[in-house]
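*Asks:* This is the structure I have questions about; it appears just below.
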Amino acid sequence: MRYDVYGIGNALVDKEFEITDSFLKDFTIEKGIMTLVDHEQQESLLTELTNRYGIKTRTGGGSAANTLYAVSQFGGNAFYSCRVANDETGDFFMDQLGHHNIETNKNSQRVDGVSGRCLVMVTPDAERTMLTYLGVSDNISVSEMDFEAASNCEYLYLEGYLVTSDTARSAIIEMKEYAKEKSIKTAMTFSDPSMLEYFKDNVNEVLDDGVDLLFCNRQEAQLWSGEEDLDKAIEALKTKAKQFAVTTGAEGSLLWDGKQLIKVAPRRVPVVDTNGAGDMYSGAFLYGITNGMSFEDAGSLASVASATVVTQYGPRLEPKAHQKLLELS
């Protein structure tokens, strides 16, 4: 089997809530980033959120999982390595992953324990703030990797959130080396500003001598490079990524194809929930460049796809919506 993308990530189920900014202040939660919490902390906050606001939606999540879901629903072939417990949350995650063009090491391999879960809190400005308990995902390791599947992919995709775990970081570094030996292209996402604020050394350990394709947003590029000026941050990115895409919110995105900087126009939409926007961007882009699109055309598809997902709650679109986006692009 040939795969467009082989991805590795934390398997999570999202529970989303519409909240007020005062809730974040009351519980001293840093807005707009992902914070790791333990099971007890998450359970306590889940009770508070449910009592105050009621759950808005429950969906399959996880950054790389969302990206690969998009790749598969657009029509690409994907393989996903993760760690999922043999519990109801894990059952729900696997069901949400879908049954269209995506394979996983978890079809027959599950472990005892608690599956990862993410509380997604959306404020009136549509900004998402996340509290994540990784559960068994915290111990994802090389044992979850499928080297045979990876040897048959065009891109190996690494989720930035994995750098917080020693075993996960070791596994993706080993997979990155394997990809280099096999002349497989590597792609990585920084995932979240918190990875650059609190785990920058770990990110750089994974980046090492660089990747073929990097995804990040403006804030992440600035935090990683230490440059407030976006032009300078972009110059710094060129030292670690042969190609990259930097999303800039309402201003669209900037692509570096290795030779020139390409500006992709934004899509003006009413924004409801930014959760999953970056994941969708990466998924649409990876689908595009592995299925005959030019770098610029892939960026245009990614732009319209990410603009579409933020008009609803939840990080994923209905399967049929992907084909409509292809027709528009």
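Add 1 to the 1-based position in the sequence shown for my numbering, that's all there is to it. We treat Cβ as the ideally placed atom computed from N, Cα and C, and that holds for glycine.
1) Determine the extent of the beta strand (DSSP E) in which residue 173 is found, giving its start and end residues.
2) For the alpha helix (DSSP H) containing residue 188, list its first residue and its last residue.
3) Sorted by chain position, which residues of the same chain lie with C-beta nearer than 6 Å to residue 28's C-beta, five sequence neighbours on each side aside?
4) Report the three-state DSSP secondary structure of residue 97 (helix, strand or coil).
5) Is the CB-CB distance between residue 18 and residue 122 below 8 Å?
6) Give a yes or no on whether the C-beta atoms belonging to residue 84 and residue 153 are separated by under 8 Å.
7) Quick check: the segment 306-316 against the segment 206-220, are at least 3 beta-carbon pairs closer than 8 Å?
8) Enumerate in chain order the residues of its own chain whose CB-to-CB distance from residue 213 is below 8 Å, with the five nearest sequence positions on each side excluded.
9) Please go through the same chain and pick out, in chain order, the residues whose beta-carbon is closer than 7 Å to the beta-carbon of residue 237, but skip the five residues on each side of it.
10) What residues in its chain sit with their C-beta under 8 Å from that of residue 180, if we drop five residues either side in the sequence?
11) Would you kindly work out how many angstroms separate the C-alpha atoms of residue 107 and residue 230, rounded to a whole number?
12) Is residue 259 buried or exposed, if buried means 16 or more other CB atoms sit within 10 Å of its CB?
13) I'd like to check one pair, residue 330 with residue 300: are the Cβ atoms closer than 8 Å?
14) Can you give, in chain order, each stretch of the alpha helix (DSSP H) that sits fully within the segment 33-79 and has at least 4 residues?
15) Hey, how far is the Cα of residue 170 from the Cα of residue 164?
16) Check whether the Cβ atoms of residue 317 and residue 52 lie closer than 8 Å to each other.
17) Measuring only the C-alpha atoms, how far is residue 132 from residue 42?
18) If residue 65 and residue 102 are in contact, beta carbons under 8 Å, what's the gap, nearest whole angstrom?
19) Which residues mark the beginning and the end of the alpha helix (DSSP H) in which residue 131 is found?
20) Of all the alpha helix (DSSP H) runs that stay within the bounds of the segment 224-293, which reach a length of 4 or more residues?
21) Tell me whether residue 129 is buried or exposed, calling it buried when 16 or more other Cβ atoms sit within 10 Å of its Cβ.
22) Let's see if you can read the secondary structure: which residues bound the alpha helix (DSSP H) around residue 16?
23) So, under 8 Å CB-CB, residue 81 and residue 69 are touching, yes? Tell me the CB distance rounded to an integer number of Å.
24) Between the Cα of residue 115 and the Cα atoms of 93, 97 and 34, which residue gives the shortest distance?
25) In chain order, what residues of the same chain have a beta carbon less than 7 Å from the beta carbon of residue 58, not counting five sequence neighbours either side?
26) On the premise that residue 5 lies in contact with residue 288, defined as a C-beta separation below 8 Å, what is that separation, rounded to the nearest angstrom?
27) Does the separation of the CB atoms of residue 118 and residue 13 fall below 8 Å?
28) With distance defined between alpha-carbon atoms, name the residue in 138, 74 and 15 nearest to residue 9.
*Replies:* Let me spell this out:
1) Run containing residue 173: none in the beta strand (DSSP E); it sits in the alpha helix (DSSP H), 167-182.
2) Unbroken run through residue 188 is the beta strand (DSSP E), 186-190; no alpha helix (DSSP H).
3) none
4) helix
5) yes
6) no
7) no
8) 156, 186, 187, 188, 242, 243 and 244
9) 226 and 228
10) 151, 157, 186 and 187
11) 43 Å
12) exposed
13) no
14) 40-53 and 64-75
15) 5 Å
16) no
17) 9 Å
18) Rounded, the Cβ-Cβ distance is 16 Å, inconsistent with contact.
19) From DSSP, residue 131 is part of no alpha helix (DSSP H) but of the beta strand (DSSP E) over 129-134.
20) 231-238 and 278-291
21) buried
22) No alpha helix (DSSP H) contains residue 16, which is instead part of the beta strand (DSSP E) from 13-19.
23) 5 Å
24) 93
25) 17, 314 and 315
26) 7 Å
27) yes
28) 138
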